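First the structure, in the form of C-alpha cells, and then the observations on it.
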Amino acid sequence: MSFEGELQRIKDEIIHNIPSDIIVKKVEFEGPEIAVYSENSNVELVENSEVLKDLAKIMRKRVVFRWNVDKRKDPNETEGYIRNLVGEEAEVSSIEFDHTRGEVIIESGKPGLVIGKKGVNLKEIRSNTFWQPKTIRTPPLNSKTIQLIRGMLQKERQSQKDILLRIGKRIHRPILFKDLDIRLTSLGGFREVGRSCILMQTRDSNILLDVGLNVGNNNDKFPGFDIPEFSIRDLDAVIVTHAHLDHCGMVPFLYKYGYRGPVYSTLPTRNLSTMLQLDFVQICEKEATPLPYSKRDVRNTVLHTIPLSWGKVTDIAPDIKLTLHNSGHILGSSMIHLHFGKGGYNFVYTGDFKYQKTRLLEKAAVKFPRVETLLIEATYGGPQDRIPSRQDSERELRQILIATIKRGGKILIPVLAVGRAQELIIVLEELISKGLIDKVPIFLDGLISEATAIHTAHPDYLSSDLREKILHQGKNPFLSDFFTTVSTPEEREEVLTGGPCIILATSGMLIGGPSVQYLKGMAEDKNNSLIFVSYQVNGTLGSRIQKGWREFQYIDSRGRTQLVKINLNVFTLEGFSGHSSRSQISQFLRRIQPRPKLVITNHGEESKCVSLSTMIHKKLRKATKSPKNRETISLR
Ligand SMILES: [Zn+2]
C-alpha cells in the first residue's frame, strides 16, 4: 500500500471508531504518533480518555487529538489571561507554548492553585483560549542546560514540526518483507566497558541501541561504524538507555554525517546527555584534541530527540515497537524492550542497571510483556565481584571521613557528574544533619551542581522516598547549605590551602578535569584520603591508582614533566555502585518475567562477560552468548 493509502486507511479507521459528532478535518503523522485535527468545540473528549484508550487498543497506535487549531488565542493574550485567572499566589514562573501539540505549559511554585478546585481553572483555560494547559512545578534549582534546550526548541518550532512529520512518514511506511529476520551486530561495548553500540536489523529496519564513546582508550574510542552491515542512510532510529558518555557520547556524530532520524530516550536522559555532550565538545576544544562533532551537531540531536516516558509503547519502525522501563542506574536510565513484527519476537537490552533500590532511584524493572532474548550488562559479572552491601559501604565511608577529618586531612571523592554524585550528596547531607560526622565544608566541582539542578527538575523519576521527602516534607537534600559549588582555579586553590573538607569532583576516573587538579594538590600529604565510589575503566589514572600505582606524571603549564608521589590513603567503596553486583544480576535473572530463552552478555571486561555467560548457562540452564565486537548474531 502507498503512503497516502496507508494514511487514508488510518483516517477511515479513526472516523469509524469515534463518536459521530466529531468531525475529522485532517490526520497527520507526528513522529511516532497519529495526530487527528478536528474543528469541534467539544473539547471534553480530550478529557474523556476512554475514547483515546479504546482507539489506541484498536489501532495499536498512539493517537492524539488536536482541537480548534484555528481558534487558538494569540499566545501573548493567552499568557495574560492565565496569569490573571490563577493570580499571583500561584507563583507562575514561566508560560510556554508548544505549537505542535497545542499545549500551554505553565510552570509555577504552586501547581495546585493553577489547576484550581476539581480542575476548574484548567477547564476555563481550555474553553477560553483553545490551548491545552499542562502544569509543572518550578524546579528549586535553575538548570542552564534545560533553559538552553527550551530556547533551542522555541526558536526551531517550525523545523521541529517538519522533523516530526518526516519521521512519522518513515515510521509508517509499508512493510516490504514478511519474514522476520532479526540480527544483532555488536559495534562496541562487547567484552569491554565503553563505546556501547548495538545495531538491530530486520529486513525492513535498522536501529541503533546506544551510541557511546570509550573514555579510557584512545585507540578504540568510537563504535565500529565502518562494518558493512551499518549504513547511516538506512538508519531508522537511535535509542539511548542513559546519559553516561559511554552510552550517549557519540550520538551527535551521527548528525554530523547526515543522520536526520529520531533519538528516543526519557526526558531526563535528553537533558543530562545534552549537558555532557556539550561539556565533551568544550573539553576537546580546551585540550585541542580533534572534535568528533560540534555544538551544532548537539543542537541537531536535541531537535531530533523524541522524549518517551517509561511504559509507553511506541512505533519506531514499520515492524518495531519500543517500550522503555526503569533500569535503576542513574536519573532517567532505561531498559529497552523491542517488539518485532506482529506478535513476533521480543528483545530486552538492560543497559546499565541496578537491581536494588538506592537512595536516589527505584530498582530496575523485571516484568515485561514478553522476552525471547535478553542482552545484559556484565560490569560486575566476575566471580570475585561481590559488592559489599550499601549499609557496609556507608558505615565504612563514615569511618574514613571521621578518621581523615580528625587528623586534619581532606577527602577527595572523584565522581561522574551524574549518578554517584547525587547519591553521595544525599548520604553526606544525612551524615552531617544527623551529627554522625563533624560539620566540614563539602565542595562540589565540575558539572555536579548543574547535573543536580537537572535532578530537581524531574522528581517523577526519583525514588518514592526521596520524592516524598522533597514534595511533601519540604526536605530537599539537594538544597542543603552544607554544599558549596566551586568553579574557578582561585576557588580551587582556596579549598586546597584550607582546612579539613570533603571534595566531590569530576572526572570520576581521574582522566582530567578538577578531580585531577585536586589530586595533584593533595596526593603527597598522607593525612588526606582518596575514595573511589564508581567503576574505574581500564587504562584510566583511577584504575591505575586502584591497582597500586603510587606515583603519576603530568605536564605543567610551562611544559615541564612533573612527578607526583601518592602518599594519601586510597579506598574503594564498591557498595555505592550504580551497577548490579554478580548476585544482584543472578537475582534479576531469577525474577525476570517471562524467562528469556537466550541471554547475551556485554558491557564488561572480557573475562567477566565470559564468566557471567558460563554461570547463566550452568546455573540457570539458558542458552548464552558472549560475542566480541563486530560479530553478528541471528536471533530469528
Ligand atoms: Zn552508566
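Numbering-wise (my numbering), the sequence shown opens with residue 28 and increments by one.
Cβ coordinates follow ideal geometry from the N, Cα and C atoms, glycine included.
These numbers come from a predicted model, not from an experiment.
Exposure label - residue i; buried when at least 16 CB within 10 Å
i    : result
R617 : exposed
S336 : exposed
T651 : buried
K390 : buried
H482 : buried
S258 : exposed
R36  : exposed
L463 : exposed
D346 : buried
H43  : exposed
F217 : buried
Y284 : exposed
V147 : exposed
A62  : buried
K381 : buried
E115 : exposed
Q304 : buried
Spatially closest choice to residue i from the options, by CA coordinates
i    : options                   : result
V340 : L351, G32 and P46         : L351
V670 : I142, D97 and K100        : The chain is shown from 28 up to 663; residue 670 falls before or after that span and cannot be answered.
E551 : M536, N565, Q589 and Q449 : Q589
L299 : S170, R663 and I266       : S170
R89  : F615, I310, S584 and H199 : H199
Y562 : V63, H356 and S514        : H356
S361 : C275, K655, S321 and L318 : C275
A344 : R197, D273 and A430       : R197
D8   : R519, E66 and V54         : The structure shown does not extend to residue 8, since the chain is modelled only from 28 through 663, so no value can be given for it.
D273 : D412, E123, V445 and L192 : V445
L493 : I109, V454 and T268       : V454
E57  : I190, L214 and F157       : I190
F252 : L557, G243 and L262       : L262
E33  : M86, S584, I582 and G409  : M86
K188 : F249, P621 and E60        : E60
V19  : H331, R210, R230 and S542 : The structure shown does not extend to residue 19, since the chain spans only 28 to 663, so no value can be given for it.
Start and end residues, beta strand (DSSP E) containing residue i
i    : result
A344 : T341 to A344
I225 : C224 to Q228
H366 : S361 to F367
K652 : A650 to K652
N111 : Segment P102 to V113 is the alpha helix (DSSP H) holding N111; no beta strand (DSSP E) there.
Residue range of the unbroken alpha helix (DSSP H) whose run includes residue i
i    : result
N44  : F30 to N44
S460 : R447 to S460
I173 : K171 to K182
Q159 : Element bounds for Q159: not the alpha helix (DSSP H) but the beta strand (DSSP E), Q159 to R164.
Q309 : L294 to E314
R323 : K322 to L330
D237 : D237 -> not in any alpha helix (DSSP H); beta strand (DSSP E) instead, spanning N233 to V238.
Reduced DSSP category for residue i - H, G, I as helix; E, B as strand; rest coil
i    : result
I122 : strand
S708 : No statement about residue 708 is possible, as the shown extent of the chain runs from 28 to 663 and does not include it.
S640 : helix
V265 : strand
L600 : coil
I414 : coil
F470 : strand
R287 : coil
H352 : strand
K205 : coil
Q383 : coil
A478 : helix
R218 : coil
T588 : strand
S507 : coil
N565 : coil
V141 : helix
N629 : strand
L439 : strand
Beta carbon of residue i nearer than 7 Å to that of residue j
i    : j    : result
R326 : M179 : yes
K144 : A117 : no
K394 : H366 : no
P160 : L149 : yes
T533 : L474 : yes
A264 : G239 : no
L387 : Q449 : yes
V626 : K646 : no
H485 : P295 : yes
I529 : I469 : yes
L207 : G107 : no
M277 : T172 : no
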